[in-house]
Every structure is written in C-alpha cells, then in structure tokens.
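Participant: Residues 1 to 605 in UniProt numbering are what the sequence shown spells out, letter by letter.
Using N, Cα and C, we set each Cβ at its ideal position, and we do this for glycine too.
Remember, predicted model here, so these are calculated numbers, not experimental data.
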Amino acid sequence: MTVKAYSHLFRERAERSGEKRALLYRQDGQWQEMTWASFEDAIRRTARSLIALGVKAQDRVAIWSHNQPRWTVADMGCQYVRAVSVPIYPTNTAQQAAYILKDSEAKVVFVGSRDQLTRALQVMEDLPHIKAVVSLDDGEDQGAWNKVMTFDAFLALGEGLHDEEVSRRLSEASPEDLLTLIYTSGTTGDPKGVMLAQSNVLYQMTSHEERILPCGESDLSLCFLPLSHVFERTWTYYVFHKGMTNAYLDDPKLVVEAMGQVRPTVMCTVPRLLEKIYGAVQEKVEAAPPVRRRLFRWALGVGDHVFQRQKDGLGIPVGLRLQHRVADAMVLSKLKAIFGGQVRFMPCAGAPLSAEIERFFCGVGVIIVCGYGLTETTATVTCHEPKGFSFGTVGRPLPGQQVRIDPRTREILVRGPNVMKGYYNKPKETAAVFTEDGYFRTGDAGVFDAYGELVITDRLKDLFKTSGGKYIAPQMIETLVGADPAVEQIAVVGEGRKCVTALVVPSFENLKGFLAEQGLQGLSREELVKHPAMIGFFRQKIDDLTQSLAPHEKIVRFALIPKEFSLEDGEMTPTLKLKRKIILKRYAPVIEEMYREIDRARKNG
1 MTVKAYSHLF RERAERSGEK RALLYRQDGQ WQEMTWASFE DAIRRTARSL
51 IALGVKAQDR VAIWSHNQPR WTVADMGCQY VRAVSVPIYP TNTAQQAAYI
101 LKDSEAKVVF VGSRDQLTRA LQVMEDLPHI KAVVSLDDGE DQGAWNKVMT
151 FDAFLALGEG LHDEEVSRRL SEASPEDLLT LIYTSGTTGD PKGVMLAQSN
201 VLYQMTSHEE RILPCGESDL SLCFLPLSHV FERTWTYYVF HKGMTNAYLD
251 DPKLVVEAMG QVRPTVMCTV PRLLEKIYGA VQEKVEAAPP VRRRLFRWAL
301 GVGDHVFQRQ KDGLGIPVGL RLQHRVADAM VLSKLKAIFG GQVRFMPCAG
351 APLSAEIERF FCGVGVIIVC GYGLTETTAT VTCHEPKGFS FGTVGRPLPG
401 QQVRIDPRTR EILVRGPNVM KGYYNKPKET AAVFTEDGYF RTGDAGVFDA
451 YGELVITDRL KDLFKTSGGK YIAPQMIETL VGADPAVEQI AVVGEGRKCV
501 TALVVPSFEN LKGFLAEQGL QGLSREELVK HPAMIGFFRQ KIDDLTQSLA
551 PHEKIVRFAL IPKEFSLEDG EMTPTLKLKR KIILKRYAPV IEEMYREIDR
601 ARKNG
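#1: Taking just the CA atoms, how far does P69 sit from L220?
#2: In the DSSP output, what is N246 paired with across the bridge?
#3: Which one of S218, K563, V556 and M195 has the shortest CA to CA distance from D543?
#4: Give a yes or no on contact between the segment 74–94 and the segment 42–57, applying the rule of three or more CB pairs nearer than 8 Å.
#5: Leaving out five residues on either side along the sequence, give the residues of the same chain with a beta carbon under 8 Å from the beta carbon of T546.
#6: Mark A337 as exposed unless 16 or more other C-beta atoms lie within 10 angstroms of its C-beta, in which case mark it buried.
#7: Among Q310, V302, R344 and Q122, whose alpha-carbon lies nearest the alpha-carbon of A327?
#8: Does the segment 360–379 come close enough to the segment 406–422 that 3 or more CB-CB pairs lie under 8 Å?
#9: What's the C-alpha gap between M534 and L515?
#10: From N92 to S65, what distance separates their C-alpha atoms?
#11: Could I get the ranges of all uninterrupted beta strand (DSSP E) runs contained in the segment 397–437, with 3 residues as the minimum, in chain order?
#12: I'd like the span of the alpha helix (DSSP H) that includes E509, first residue to last.
#13: Evaluate residue 622 with the Cβ neighbour count: other Cβ atoms within 10 Å of its Cβ, from every protein chain shown; 16 or more gives buried, anything less gives exposed.
#14: Could you name the residues that DSSP lists as bridge partners for S85?
#15: Is the number of C-beta pairs between the segment 86–100 and the segment 220–229 that are closer than 8 Å three or more?
#16: In chain order, which continuous runs of the alpha helix (DSSP H) of length 4 or greater are located wholly inside the segment 69–115?
#17: Specify the secondary structure class of E571 as computed by DSSP and reduced to three states.
#18: Does DSSP put G468 in a helix, in a strand, or in coil?
#19: Judging by CA-CA distance, which residue of T46, A22, S104 and Y99 is the nearest neighbour of R60?
#20: Count Cβ pairs between the segment 592–600 and the segment 247–259 that sit closer than 8 Å; are there 3 or more?
#21: Between N604 and Y595, what straight-line distance do the alpha-carbon atoms span, to the nearest angstrom?
#22: For D41, tell me which candidate among Q58, R11, K461 and G54 has the shortest Cα-Cα distance.
#23: Just list the beta strand (DSSP E) runs in the segment 318–397, keeping only unbroken ones of 3 residues or longer that don't cross its boundaries, in chain order.
#24: Do T442 and S185 have their C-beta atoms within less than 7 Å of each other?
#25: Have a look at the DSSP bridge pairing and note the partners of D444.
#26: Sorted by chain position, which residues of the same chain lie with C-beta nearer than 7 Å to W433's C-beta, five sequence neighbours on each side aside?
#27: How far does the alpha helix (DSSP H) with A14 in it reach, from first residue to last?
#28: Quick check on this structure: which residue in P506, G494 and R297 has the alpha carbon closest to the alpha carbon of D484?
#29: Helix or strand or just coil, what does DSSP make of R557?
#30: Which of the three DSSP states, helix, strand or coil, is assigned to G482?
#31: Put E517 into one of helix, strand or coil per three-state DSSP.
#32: Taking C-alpha atoms, which residue in M205, I583, L181 and R233 lies nearest to A5?
#33: Which residue from L322, A486, L576 and G519 puts its Cα closest to that of K284?
#34: Out of curiosity, what's the CA-to-CA distance linking F240 and H324?
#35: Does H115 pass the burial test, meaning 16 or more other C-beta atoms within 10 Å, or should it be called exposed?
#36: Roughly how many whole angstroms lie between the Cα atoms of S524 and K581?
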C-alpha cells in the first residue's frame with residue numbers, strides 16, 4: 001500500500017514488529033509491557049466499535065485523558081476509520097471541555113478517569129450530538145447518564161463486525177484527511193481548533209529522520225508530557241514509526257522516579273524539568289566539601305571539552321579520552337543516573353532554555369536537542385542538528401520549510417508542509433494569521449544568527465512597553481534570572497509602568513544550606529519571604545544576574561512569593577509556561593504594593 005497517512009506507517013510497523021515490545025505502562029505501581037500485536041489488535045477493535053457507533057470518515061472524536069496506552073489506542077482507532085481526534089487536556093474544567101466538544105461537534109468522548117467522567121457528565125445535557133462517553137479506566141460504572149459505557153462494553157459493540165470496513169477506510173485514507181483538531185489555550189479569547197492533516201504529520205516523520213540522531217527498536221522513550229499537546233503527540237508518533245518502545249507515565253510528577261525505573265534512551269522534555277534538576281545538582285555541589293567541588297568542576301570541564309569537539313566534528317585526543325573515562329566514572333555517570341543512566345538525547349521545546357543549562361547537560365553526556373515549534377506548525381519548525389549547532393539557539397529550519405523574519409516587527413514567519421490547514425470554522429481568524437504570500441505568523445520574535453540558526457527573543461504578545469516607551473522582553477529576563485538554582489520561578493512585570501518589577505518564587509529546597517547558615521530553617525515559607533536576610537540575598541542575586549541588561553530592563557523591585565505558580569491553580573500551561581494574565585490578576589495587590597514602595601522611595605530621595 002502506498003503510504004498516504006500516518007495510519008499506514010503505523011500499520012506497517014505493527015506488521016513488521018509483531019511480538020516485539022511496543023510499550024510500557026504502570027499498573028498497581030509495576031511496569032507492564034504490551035506487544036505490537038496486542039497493541040494493534042486493541043486499535044482494530046476500537047476502530048470496529050467506532051464504526052458500530054456510527055462514526056463516519058472525518059467525524060470528530062474527543063480524547064479527554066491522562067497519558068496511558070488507551071490514549072493512543074483511541075487516537076489510532078480514530079485514524080484507522082479516518083475520524084478526527086480532538087484531544088482535551090486532562091486538567092481542563094467542565095466548561096473548557098464543553099466549549100471544545102460543542103465547537104468540534106464530537107460524536108464520541110473517551111475519558112480517562114473518574115474525575116474526567118464526573119466533569120463530562122456535568123455538561124452532557126447541553127451536548128446532544130454526543131453518542132457515547134467511553135471510560136478508558138477499568139472499573140468505572142455507568143454513572144447517571146445512559147450513554148456512558150466502560151471500555152470493555154465499548155469494545156463489545158464491534159465484536160460482530162468484520163475487519164473489511166476498517167481495511168476499506170484505511171485504504172481510502174488521504175494525505176488531505178484531517179488527522180486531529182488541537183485546541184489552543186484560549187488565553188486571548190475562545191480556543192481555536194487547529195486543523196492538522198495527515199500530510200502535516202507525514203512530513204514531520206520524514207523530516208525528523210533527516211535531522212535528528214538515528215533511533216530504532218533498541219530505544220525507549222518516556223512519555224510524560226501531556227499527549228494532548230502537539231509536542232509529545234508528534235514525538236509519540238515518531239517513537240512508534242521508528243519501532244521504539246513508548247513508556248506511558250500517567251502522573252508527570254513522578255517523572256524523575258520513572259526515569260530511574262524504565263531507563264529511557266530518548267524522551268522529549270521541557271526547560272522546567274531541566275531547570276529543577278540543574279538547580280538541585282548545583283545546590284548539592286555548593287554544599288559539598290571543597291575537594292569534591294573541584295572534582296565536580298574538573299569533570300564538567302572535561303565533559304564540556306569532549307562534547308564541544310564532538311559537536312564540531314573533531315576527533316578526541318587520546319589524553320582527553322582517558323580524562324573523560326575518569327571524569328565519567330567519578331562524576332558524569334552519577335549525573336546521567338538521574339535520567340536513568342541510558343539517555344542519549346532529549347528533544348526540548350515549549351519555552352526558552354538558558355544556554356548555561358543546555359551546555360551543562362550536554363557536557364554531562366545528556367544531549368539536549370533544543371527546538372522551536374507551535375501547534376499550528378505540527379510541532380517542530382527548527383531544531384539542533386547533531387553537529388555544528390550553537391548553544392542558546394533553536395537550530396535551523398527542518399528540510400522543506402521556509403522561515404523568514406519580518407523586517408519591521410521581527411516576527412518569525414513560517415511556510416511549508418508542516419503548517420496547519422487553518423482554524424476550524426474560523427475563516428476570519430485563519431486569514432488573520434497568514435501573510436498574503438502564505439506565511440504563517442507565529443507571534444514569536446526572533447533573529448537568525450550568522451550561522452543560520454534561529455534565536456527566539458520573545459513572544460510578541462508578551463512584549464510590553466514601560467510608561468517611558470521602552471520595550472521589555474520578559475522571557476529574556478526570566479530565562480536569565482530563572483537559570484539560577486536559588487530561583488524556582490520568576491514572572492517579570494512592568495507593562496505601562498515606570499520600571500520593571502518581578503514576582504520571584506524562591507527554590508526553598510535549594511536554599512537549605514543558606515537557611516541553615518542564617519538560622520532560618522524553622523520558619524515557614526510565608527515567614528521566610530518577608531525576612532530581611534532572604535530579601536537581601538535575592539536583591540544581591542538578582543543584581544548580579546542582571547548586570548548585562550540595559551538600565552530600563554533591570555528589576556527595580558521584586559516580591560518573594562511563598563507558593564509556586566502551578567498547573568492546578570491555572571497559572572501555568574500544560575507545558576509549564578507562565579499564564580501571565582492570570583498571574584498578574586491573582587497577584588495584583590502584591591504588584592501594586594511594589595510600585596507604591598518605589599514611589600515612596602523616590603519621594604523620600
């Protein structure tokens with residue numbers, strides 16, 4: 001069969017791999033495995049049951065669940081019958097999900113837990129087009145609505161059907177078929193359904209084969225970022241396309257524990273995880289005796305030297321190779337063990353990662369492949385090549401894409417086979433994000449360096465002006481300050497104000513040594529953020545970190561916050577980026593007090 005859809009690639013892989021391991025998943029705290037044959041059988045049974053429910057080609061089917069194998073079973077079941085999957089974040093409220101279900105006119109909803117089922121039932125009366133709600137978790141009862149069914153009951157619907165209809169639909173799949181509708185976060189209005197076609201995903205499969213390090217059946221990827229997001233979703237497609245094992249983690253908070261258990265060789269990540277690990281390592285090093293600190297820095301220096309030569313395509317001299325063996329045995333291998341000890345590389349995207357942290361992990365031997373992309377571009381636009389890249393960039397465009405910078409606004413513009421077909425049922429909004437010659441307006445600002453690598457400078461909608469007319473790029477300042485182990489999180493403030501301020505969440509875990517020195521370890525977080533010693537420590541820290549900034553970019557005043565910004569409180573996106581509007585609104589009294597203090601200080605001379 002000519003490959004016209006991702007489902008064709010997937011089926012070919014399943015036929016080739018048969019009884020080989022396809023995936024891992026946690027059950028009662030233990031990791032279980034599933035073969036390709038069992039995996040594909042579950043997908044075909046799902047496809048038959050969707051047909052039994054009356055799902056036609058290009059009908060929409062929603063998946064509202066945490067990460068688990070049945071997420072992909074439902075997704076691929078949709079593709080086998082040419083239906084369009086509509087992912088919903090597991091943390092979405094009933095109202096947020098209702099908007100997506102109504103706008104997409106979903107016929108079926110797969111839910112992943114009792115919590116999601118409860119939220120779904122709250123809005124079902126207003127969604128008469130939904131034919132069934134299917135619980136992916138075993139043991140969930142029918143509940144109070146007669147269209148709810150267990151996964152086993154759902155599979156039973158298709159038992160009397162033959163595979164001919166599934167095979168027919170598979171053969172009729174077209175590159176122009178919609179594969180998925182992924183709804184944007186809706187921070188600037190109602191969410192918009194991004195229409196991604198089979199051709200978009202097929203392009204990403206071939207372009208990644210040309211760009212990143214080789215992968216295959218011996219590799220294992222840990223799937224911990226939400227599958228509802230385009231980054232983990234397209235990476236998972238690539239994992240299965242190459243015959244790797246995909247280990248599904250249902251609770252992302254357990255990612256460090258899971259890395260030690262399944263020992264991934266590859267996995268995609270976000271800067272937030274790397275920043276937390278880096279901060280914890282630096283804190284331990286600072287608390288170590290001087291001899292161990294010197295050993296650590298020597299080993300990191302050797303690792304960095306080796307990686308720089310490898311990156312530049314140079315050989316490793318014998319003396320350096322011997323030093324590296326010692327450094328690895330004494331230090332570097334222990335750092336790699338945090339990731340399970342087997343990681344070869346980690347695609348990283350979703351937010352800026354400081355060059356310092358990227359270089360640190362590459363020197364350790366955990367290669368970070370920084371990239372840039374959006375939902376509307378089916379994830380990757382640019383990413384690092386195995387050799388010849390620069391830290392602090394997000395690499396060059398993938399083959400076949402055209403990327404240019406708007407000379408007036410510095411906005412990154414993208415055209416190519418990865419770009420979406422448009423926003424579902426929103427022709428005006430679609431027209432607004434394309435130039436006359438067909439380039440997609442990303443909303444991000446950037447520049448190309450002298451080597452043709454893209455540097456992201458900021459999100460255009462995040463850029464703001466002070467009352468003095470000076471432009472501020474908050475992400476740049478946040479990346480600079482947030483890379484320090486003492487800083488857990490930072491949100492820069494200043495739109496329409498006289499100067500820049502910031503909300504800073506201290507890394508209380510990494511400050512244990514400092515707190516012990518100051519005799520403050522018995523204080524609560526609420527007491528610590530008001531203590532003069534803490535405020536003085538962070539004042540000096542922020543001043544040191546921002547020395548290179550222009551005067552108008554420097555943080556004049558800051559407030560220490562005792563509680564982390566969180567996904568659960570709606571302050572962060574599923575890929576752990578700040579939701580600025582919500583944070584600014586929630587901390588408005590704190591922000592106003594900072595500016596009152598600035599005014600008082602200026603009046604008092």
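Facilitator: Walking through what the data contain:
#1: If I take the Cα positions, the gap works out to 15 Å.
#2: Secondary-structure assignment with DSSP links N246 through a beta bridge to L23 and S221.
#3: When only C-alpha atoms are compared, the closest one is V556.
#4: By the Cβ rule, the segment 74–94 counts as touching the segment 42–57, because three or more pairs are nearer than 8 Å.
#5: Excluding its 5 nearest sequence neighbours in each direction, T546 has C-beta neighbours in its own chain below 8 Å: I477, L480, V481, E553, K554 and I555, listed in chain order.
#6: That one is exposed.
#7: The shortest Cα separation from A327 among Q310, V302, R344 and Q122 belongs to V302.
#8: A contact exists between the segment 406–422 and the segment 360–379.
#9: The straight-line gap from Cα to Cα measures roughly 9 Å.
#10: Rounded to the nearest angstrom, the two C-alpha atoms are 10 Å apart.
#11: Complete beta strand (DSSP E) runs here, min 3: 402–405 and 411–415.
#12: For E509, there is no enclosing alpha helix (DSSP H), as DSSP marks it with neither H nor E.
#13: In this structure the chain extends from 1 to 605, so residue 622 is not present and cannot be described.
#14: Answer is V61 and T180.
#15: Cβ pair count under 8 Å is three or more, so yes.
#16: Counting only runs that start and end inside the segment 69–115, the alpha helix (DSSP H) elements of at least 4 residues fall at 69–80 and 94–104.
#17: In the structure shown, E571 sits in coil (DSSP, three-state: anything other than H, G, I, E or B).
#18: If DSSP states are grouped into helix, strand and coil, G468 belongs with coil.
#19: Checking every option, the nearest Cα to that of R60 belongs to S104.
#20: The segment 592–600 vs the segment 247–259: no contact.
#21: Straight-line Cα distance between these residues: approximately 14 Å.
#22: Closest option to D41, Cα to Cα, is R11.
#23: Counting only runs of 3 or more, we get 345–348, 367–374 and 379–383.
#24: No.
#25: As DSSP reads the structure, D444 sits in a beta bridge with R459.
#26: With the sequence shown as reference, residue 433 is identified as Val, and Trp is not the correct amino acid for it. Cβ within range, chain order: F440 and R441.
#27: For A14, the enclosing alpha helix (DSSP H) covers residues Y6 to S17.
#28: The shortest C-alpha to C-alpha distance from D484 to any of P506, G494 and R297 is the one to P506.
#29: In the structure shown, R557 falls within a strand segment according to DSSP collapsed to helix, strand and coil.
#30: Of the three classes helix, strand and coil, the one that applies to G482 here is helix, per DSSP.
#31: In this structure, E517 counts as helix in the three-state DSSP scheme.
#32: Out of M205, I583, L181 and R233, M205 has the C-alpha closest to the C-alpha of A5.
#33: Of the candidates L322, A486, L576 and G519, the one whose C-alpha sits nearest the C-alpha of K284 is A486.
#34: Each residue's alpha carbon lies about 34 Å from the other.
#35: As written in the sequence, residue 115 is Asp, which differs from the His given in the question. Burial check for D115: the Cβ neighbour count within 10 Å stays below 16, so the residue is exposed.
#36: Here the alpha carbon of S524 sits roughly 28 Å from the alpha carbon of K581.
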